[in-house]
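Using our numbering, the final residue of the sequence shown is 898, and nothing's skipped along the way.
For each residue, glycine too, the CB sits at the ideal point set by N, CA and C.
All figures in this text were calculated on a predicted structure; none of them were measured in a lab.
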Amino acid sequence: MSAAVVIGTSLTPLLFFFLALTYVVYSLTQRWKLRRIIQFMSQIPGPPALPIIGTFYIFLDQLRTMDVTKFLLDVVESFPETSRHWLNFTPYIVTTDREIVAALTSSRDNVTKAKEYESLRLISAGLFSSTGNLWRKTRRIVNPGFRTSVLDSFDENFSHHVQVFLDAVEERVKTGEEFNVFRMVHSFTLDAVIDNMLGVRLDIQKEKTYRLSRCVEKAVDMFFERSFNPLLWPDLVYSLIGKKKIMLEASAEMRRLAEEVLNERIAHRERQRKENPTAETPQYFMELLLNGIESGEVTKQQCVEEIIELFLAGSLTSAITISWMIKGAAMYPHLSEKVYEEVMSVCGNRKITYDDLSKLTYLDMIVKETLRHCTLPVIGREITSELKVNDKMTIPPGINVIVPLFGLHHDPRYWEKPNEFYPEHFSPENEGKRPKGTFLPFSSGPRNCIGNKYAMRAMKCLLANVVLRFTVSTSEPVPKDIIHDLQYKIVFLICPKHGWNVRFHNRVHKSENPSSELTLATPA
Ligand code: HEM
């Protein structure tokens, strides 16, 4: 036996002993530092925690197979209302307790997102993932851009982009093929959000290459894959397996476009000032950010981050919800007929107006029931200052609180038919009976979705127009139980793994034909 082997063999136990000792010392120090948290966590039920992987071994099978469906079902069916978890020495509470959720979402002090959001910063560091004073300042600056008066000024833009969408569907009717409608819908929501919020009409729907849509989806898909898999959290691992490079490539495309749009808007503002120095600046998203740049409150770099985040948060979410609804129209034709009847009774043979949208109450029920199912799976906050829930519970700083919206939205205590598509959940009578805080598709409180009203308008506007012009069918089987019979993935919201395959047909109208221009217009 060589000397090196002898030394190596005798060193191995020594090395092992040294590593074990280091872990014991580290572990004791952490336990001492976290003693208050450990004491608090010990009062909450949860699986036993092992060294290093903590309680995450219960998810290992789902992580290995990336079985999102099973993960979501576990949250709904196997967890108690509030459970505690550890990943090494990072503490988590997973809860759908309405009192905790209300205290958390309404807290003005606890606005820091949970650690899982950190990897989003590889793509962009805007409003969605930012925290502290930067978040407060940006939210204050852009808030006026989401007021009703500003949203009212988007009608002409919506009219244009809805019409382009309807024309594209018409093309598909001619071919008679069944196809995944998502890319077309996503290009619509991208076009609309870029035009309305950034003031640039790109008309990417007409390009048919769907490049931007693919980049946005890829980046967000990878962010969620990483968030749900702690094995991918260490930066070194993420780089070594090549995923970081792919994610950065996807975000580079968005960054390039964001910079182009920003420079174009700055130049446009300068030109306008020369031509008409007294003209008032409109209060939409981009203009508010440009004001921020001029006053020194926002840097150009920050502005780019906000634009990228708008591509992500402002387009994918609505696109996924609309795609679900179009697929729903195919799976439940009797429901889409009710929407059609309603739109006809409110608008008849004329263009749909903003005023009309608020009268489409059955469509509103359909949109909400869709949002109940295809929700953002979880929201999470890191507790940074004590959170008083009630006289018995105060959550200490340092804990990550995760709220599985999917669990809340499928809790049989609040939903008569939790696993079915049942718009009656949102009838005025049922809405009145349900306790507050059980339906949070846009979250709630100071960090709620800033684009919620915009999203509702965009989604209803497109849906009402589609239902008036077309009927939809699918060759895929209709699931009886939505959460057990479908395979899911997560791309911001919960999506079916195999997309939204549908076939469009021109609608045969029962009475008069609506005009071919059934898009949004300002009331006369
Ligand atoms: C169906 C459509 C949408 C859904 C379901 C949705 C859902 C949500 C949810 C649940 C949050 C809170 C996330 C959290 O706390 O972690 C959020 C935040 C946000 N959403 Fe939306 N969203 C939608 C559409 C939009 C649109 C159209 C825009 C922009 C035009 C937008 C922009 C944002 C932004 C910027 C935030 C971060 C707000 C902040 O932290 O201050 N969203 N969204």
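Would you identify the three-state DSSP class for Cys748, choosing helix, strand or coil?
Position 374 of the sequence shown holds residue 748. It is coil, neither helix nor strand.
Counting only the same chain and skipping the five closest in sequence on each side, list residues whose C-beta sits under 7 Å from that of Leu836.
Position 462 of the sequence shown, counted from the first residue, corresponds to residue 836. These residues qualify, in order along the chain: Val536, Phe539, Phe562, Ile696.
Limits of the unbroken beta strand (DSSP E) element including Gly754:
On the sequence shown, residue 754 is found 380 positions in, with the first residue counted as 1. Start and end: 753-756.
Distance, Glu805 Cα to Thr673 Cα
Here residue 673 corresponds to residue number 299 of the sequence shown, with the count starting at 1. Here residue 805 corresponds to residue number 431 of the sequence shown, with the count starting at 1. Rounded to the nearest angstrom, the two C-alpha atoms are 44 Å apart.
At a cut of 8 Å, does the segment 704-722 reach the segment 580-595 through at least three beta carbon pairs?
No, because fewer than three Cβ pairs between the segment 704-722 and the segment 580-595 fall closer than 8 Å, the two stretches do not touch.
Report yes or no: do three or more beta-carbon pairs, one from the segment 658-677 and one from the segment 481-497, lie closer than 8 Å?
Segments in contact, no.
Taking 8 Å as the cut-off, is the beta-carbon of Arg495 closer than that to any non-hydrogen atom of ligand 1?
One-based indexing of the sequence shown puts residue 495 at position 121. No.
With a Cβ-Cβ cutoff of 9 Å, do Leu525 and Tyr828 count as a contact?
Reading the sequence shown from its first residue, position 151 is the one you call residue 525. Reading the sequence shown from its first residue, position 454 is the one you call residue 828. By the CB criterion at 9 Å, Leu525 and Tyr828 fall inside the cutoff.
How many angstroms separate the CA atom of Gly519 from the CA atom of Gly819?
Start at 1 with the first residue of the sequence shown, and residue 519 comes out as number 145. Start at 1 with the first residue of the sequence shown, and residue 819 comes out as number 445. Whole-angstrom Cα-Cα distance: 18 Å.
Using alpha carbons as the reference points, say which of Ala542, Ser613, His747 lies closest to Val840.
Here residue 840 is taken as the residue at index 466 of the sequence shown, counted from 1. Closest option to Val840, Cα to Cα, is Ala542.
Going by DSSP, which residues form a beta bridge with Asn875?
Numbered from its first residue, the sequence shown carries residue 875 at position 501. As computed with DSSP, Asn875 is found in a beta bridge with Asn554.
Determine the closest residue to Arg405 out of Phe445, Phe392, Thr464, with distance taken between C-alpha atoms.
Residue mapping note: residue 405 aligns to position 31 of the sequence shown, counting from 1. Arg405 has its Cα closest to that of Thr464, out of Phe445, Phe392, Thr464.
Are Ile753 and Ile474 close, meaning C-beta to C-beta below 9 Å?
Counting from 1 along the sequence shown, the entry for residue 753 is found at position 379. Counting from 1 along the sequence shown, the entry for residue 474 is found at position 100. Between Ile753 and Ile474, the C-beta spacing is not below 9 Å.
Run the CB neighbour count on Ser889, radius 10 Å, all protein chains shown included, and call it buried at 16 or more, exposed below.
Looking up residue 889 in the sequence shown gives position 515. Model confidence at Ser889 stands at a pLDDT of 47, short of 50, so the residue's coordinates are unreliable; what they give is reported in the following sentence. Classification for Ser889: exposed.
Residue from Thr749, Glu743, Tyr714, Cys748 with nearest C-alpha to Leu734
As a first step, residue 734 must be located in the sequence shown, where it is residue number 360. Put simply, of Thr749, Glu743, Tyr714, Cys748 the residue whose alpha carbon is nearest the alpha carbon of Leu734 is Tyr714.
Which runs of the alpha helix (DSSP H) at least 4 residues long sit entirely within the segment 682-743? Give them in chain order.
List check, alpha helix (DSSP H) in window: 691-705, 707-721, 728-733.
Ser480: CB within 8 Å of a non-hydrogen atom of ligand 1:
What you label residue 480 is simply residue 106 of the sequence shown in a count that begins at 1. Because no heavy atom of ligand 1 lies under 8 Å away, the Cβ of Ser480 does not count as near it: no.
Should Leu782 be flagged as near chain D, meaning a C-beta pair shorter than 9 Å?
The displayed structure is made up of one protein chain only, and chain D is not part of it.
Pro815: CB within 8 Å of a non-hydrogen atom of ligand 1
Position 441 of the sequence shown holds residue 815. Pro815 Cβ: within cutoff of ligand 1.
On the CB-based measure, 16 or more other CB atoms within 10 Å of its CB, does Lys807 come out buried or exposed?
Taking the sequence shown and counting its residues from 1, one reaches residue 807 at position 433. The residue in question, Lys807, is exposed, as its Cβ has fewer than 16 Cβ neighbours within 10 Å.
Between the segment 749-763 and the segment 393-401, do at least 3 Cβ pairs fall closer than 8 Å?
Counting C-beta pairs closer than 8 Å gives fewer than three between the segment 749-763 and the segment 393-401, which falls short of the contact rule.
What are the start and end residues of the beta strand (DSSP E) that includes Thr469?
Against the sequence shown, residue 469 aligns to sequence position 95. Thr469: member of the beta strand (DSSP E) spanning 464-469, first to last residue.
Three or more beta-carbon pairs under 8 Å between the segment 873-882 and the segment 683-703, yes or no?
Contact between the segment 873-882 and the segment 683-703 is present, because at least three Cβ pairs lie under 8 Å.
Start and end residues, alpha helix (DSSP H) containing Tyr862
As a first step, residue 862 is located in the sequence shown; it is residue number 488 there, counting from the start. According to the DSSP assignment, Tyr862 belongs to no alpha helix (DSSP H) but to the beta strand (DSSP E) extending over 862-865.
Give a single yes or no on whether Tyr828 has its beta carbon closer than 8 Å to a heavy atom of ligand 1.
To locate residue 828, count along the sequence shown from 1; it is residue 454. Checking every heavy atom of ligand 1 against the Cβ of Tyr828, one is found closer than 8 Å.
Rounding to the nearest angstrom, what Cα-Cα distance links Thr893 and Lys854 in this structure?
As a position in the sequence shown, residue 893 is number 519, starting the count at 1. As a position in the sequence shown, residue 854 is number 480, starting the count at 1. Per-residue confidence for Thr893 stands at a pLDDT of 49, beneath the threshold of 50, marking its modelled position as unreliable; the derived number appears in the next sentence. Those two C-alpha atoms are separated by around 34 Å.
State whether the segment 759-774 contacts the segment 725-734, with contact taken as three or more CB pairs (one from each stretch) at a distance under 8 Å.
Inter-segment contact for the segment 759-774 and the segment 725-734 is absent: fewer than three beta-carbon pairs are separated by less than 8 Å.
Return helix, strand or coil for Lys592, following the three-state DSSP convention.
As a first step, residue 592 must be located in the sequence shown, where it is residue number 218. Lys592 sits in a helix when the DSSP states are folded into three classes.
Let me check understanding here. Comparing Cα to Cα, which of Cys589, Ser849, Val449 lies closest to Arg629?
In the sequence shown, residue 629 corresponds to position 255, counting from 1. Checked all of Cys589, Ser849, Val449; the closest Cα to Arg629 is Cys589.
State the Cα-Cα distance for the pair Met830 and Leu402, rounded to the nearest angstrom.
Position 456 of the sequence shown holds residue 830. Position 28 of the sequence shown holds residue 402. Straight-line Cα distance between these residues: approximately 51 Å.
Per DSSP, which one or two residues make a beta bridge with Ser847?
Here the question's residue 847 lines up with position 473 in the sequence shown. Beta-bridge pairing links Ser847 to Arg877.
Exposure label - Leu814; buried when at least 16 CB within 10 Å
Residue 814 sits at position 440 when you count from the first residue of the sequence shown. The residue in question, Leu814, is buried, as its Cβ has 16 or more Cβ neighbours within 10 Å.
Same chain, Cβ closer than 7 Å to Tyr706, five either side skipped, listed in chain order:
One-based indexing of the sequence shown puts residue 706 at position 332. Close CB contacts of Tyr706 within its chain, under the 7 Å cut and outside five residues either way in sequence, are with Phe795 (chain order).
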